[in-house]
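Numbering (UniProt numbering), first residue to last: 190 to 418.
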Amino acid sequence: QFDDMIYIDKLATVSEMAASFAHEIRNPLTTVRGFVQFLSQDTVDENVKKFAPIILEELDRTNQIITEYLTLAKPTSFQRQKVNIDDVLHTSVHLLSPLGTMTNVSLQLYTEGESDVYGDEHYLKQALLNVIKNGMEAIEYGGLVTIHKTVDEKEKQVIITIHDTGKGMTKEQLKNIGLPYYTTKSKGTGLGSMITARLIRQMGGTIAYESRLNVGTTVTITLPLYEGD
Ligand code: ADP
Ligand code: MG
Numbered sequence: 190q191f192d193d194m195i196y197i198d199k200l201a202t203v204s205e206m207a208a209s210f211a212h213e214i215r216n217p218l219t220t221v222r223g224f225v226q227f228l229s230q231d232t233v234d235e236n237v238k239k240f241a242p243i244i245l246e247e248l249d250r251t252n253q254i255i256t257e258y259l260t261l262a263k264p265t266s267f268q269r270q271k272v273n274i275d276d277v278l279h280t281s282v283h284l285l286s287p288l289g290t291m292t293n294v295s296l297q298l299y300t301e302g303e304s305d306v307y308g309d310e311h312y313l314k315q316a317l318l319n320v321i322k323n324g325m326e327a328i329e330y331g332g333l334v335t336i337h338k339t340v341d342e343k344e345k346q347v348i349i350t351i352h353d354t355g356k357g358m359t360k361e362q363l364k365n366i367g368l369p370y371y372t373t374k375s376k377g378t379g380l381g382s383m384i385t386a387r388l389i390r391q392m393g394g395t396i397a398y399e400s401r402l403n404v405g406t407t408v409t410i411t412l413p414l415y416e417g418d
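Following this line, the structure appears as structure tokens:
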């Protein structure tokens, strides 16, 4: 029992360290990014200029990985309260619609019933963005991501389904989703689904995946309804 206590203590130290490293690394990255942008200017030699987009892309990827690790390292800032899930869904769709326009994916949102859940607004948004973005990224030549929100009054929960007409997954791929670093994308981190599942679980919810290869995927998320103070 005493060993367990020591172990938990060490774990806390590691996540605090991870969080502070992430912050320390981000500042110089931002500076470097600013200077690299100068390389895109017309006065710069073509031979140098052509590398600017690659450097920027890799910097942004580094930043993305740090952002995802920060979410893992900082569960302490997690605060559950009354959140309007319809607002969070609308914001998420709004944030992703430019990407949809670029990739020929149309986003549709339908909401029905009670909208207050008991969760953390910031992390809810992050979780939903992860899932919707995965749906969009699964679509190669244009398609549809449909989001439905309904309420199960009996179970006192909100049900959100995110359906995409993307490439789907094999049974094997479906088993791997949510494992750290599991990705089939050349520029993926393989952290999004793991973090999403953890966040939803922390909010007392559930997340489940159904998929058919070359047909599409449906992700079902449940979240507890807010039941008053
Ligand atoms: P990443 O998006 O960085 O690859 P994720 O953890 O978000 O990491 O997803 C892991 C993997 O799960 C993806 O690379 C993809 O293979 C698969 N996946 C997740 N969502 C979907 C989806 N909607 N359709 C098809 N495959 C998916
Ligand atoms: Mg992802």
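Glycine residues also receive a C-beta, built at the ideal position from the N, C-alpha and C atoms.
Opposing strand residues paired with residue i [DSSP bridges]
i    : result
S281 : DSSP lists no partner for S281.
R401 : G405
S295 : L333
K345 : None; K345 has no bridge partner.
H352 : T335 and T407
Cα-Cα separation, residue i to residue j
i    : j    : result
S382 : H311 : 16 Å
Q190 : T372 : With a pLDDT of 49 at Q190, under the threshold of 50, the predicted position of this residue should be treated as unreliable, though the coordinate-derived value follows. One C-alpha to the other measures close to 37 Å.
R390 : V225 : 40 Å
K356 : E329 : 8 Å
Y299 : K314 : 17 Å
V277 : T339 : 14 Å
K345 : I396 : 16 Å
V272 : T411 : 14 Å
F240 : K322 : 27 Å
I351 : E235 : 44 Å
beta-carbon residue i near the ligand ADP non-hydrogen atom, thresh 7 Å
i    : result
A327 : yes
D353 : yes
I336 : no
M392 : no
T379 : According to the sequence as given, residue 379 is Gly; it is not Thr. Flag set: Cβ of G379 near the ligand ADP.
Q362 : yes
I321 : no
S382 : yes
Distance CB(residue i)-CB(residue j) smaller than 8 Å
i    : j    : result
K376 : R250 : yes
L248 : V347 : no
T406 : E416 : no
L318 : L296 : no
I254 : T378 : yes
M325 : T292 : yes
Residue i CB to nearest heavy atom of the ligand MG below 7 Å
i    : result
K314 : no
Min CB distance residue i to chain D below 8 Å
i    : result
S229 : The structure shown contains no chain D, having only a single protein chain.
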